[in-house]
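J.: Residue numbers (this note's numbering): 11 to 108.
Here is the structure:
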């Protein structure tokens with residue numbers, strides 16, 4: 011499940027599903043309306059129970075796409091599963107906000 015709410019200029023997005031090859035296609039399709047109107051994203055991944063390489067690729071896509079429009083992707087929270095994957099690729103600047 012993906013939930014989004016506009017708060018000021020930013021879009022607060024929360025994922026409550028696995029971030030794996032099995033869900034990324036559905037998540038990407040659900041996010042298209044928000045991506046068509048770019049703004050900064052605050053992404054909460056604290057409820058993501060599992061993440062794989064496809065999930066990482068999708069996050070990198072979001073980061074790149076938002077960056078090309080002058081906006082940022084900020085992780086507002088991350089589960090242990092997400093943190094484990096992000097530790098494997100430290101150069102992505104996808105660390106959760108402190």
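Where a beta carbon is used, it is the ideal one built from N, C-alpha and C, also for glycine. Quantities reported herein were computed from a predicted structural model and do not represent experimental measurements.
Counting beta carbon pairs with one atom in the region 12 to 28 and one in the region 73 to 80, are three or more of them shorter than 8 Å?
T.: The answer is no - the region 12 to 28 does not touch the region 73 to 80, with fewer than three Cβ pairs under 8 Å.
J.: If you run the structure through DSSP and keep just helix, strand and coil, what is residue 82?
T.: coil
J.: If contacts are defined as beta-carbon pairs under 8 Å, then residue 92 and residue 37 qualify, I think. What distance do you get, rounded to the angstrom?
T.: Their Cβ separation, rounded to whole angstroms, is 14 Å, which puts residue 92 and residue 37 out of contact at 8 Å.
J.: How would you label residue 1, buried or exposed, when you count the other beta carbons within 10 angstroms and need 16 or more for buried?
T.: Residue 1 lies beyond the stretch modelled for the chain, which goes from 11 to 108, so this question has no answer here.
J.: Alpha helix (DSSP H) containing residue 96: first to last residue?
T.: 90 to 97
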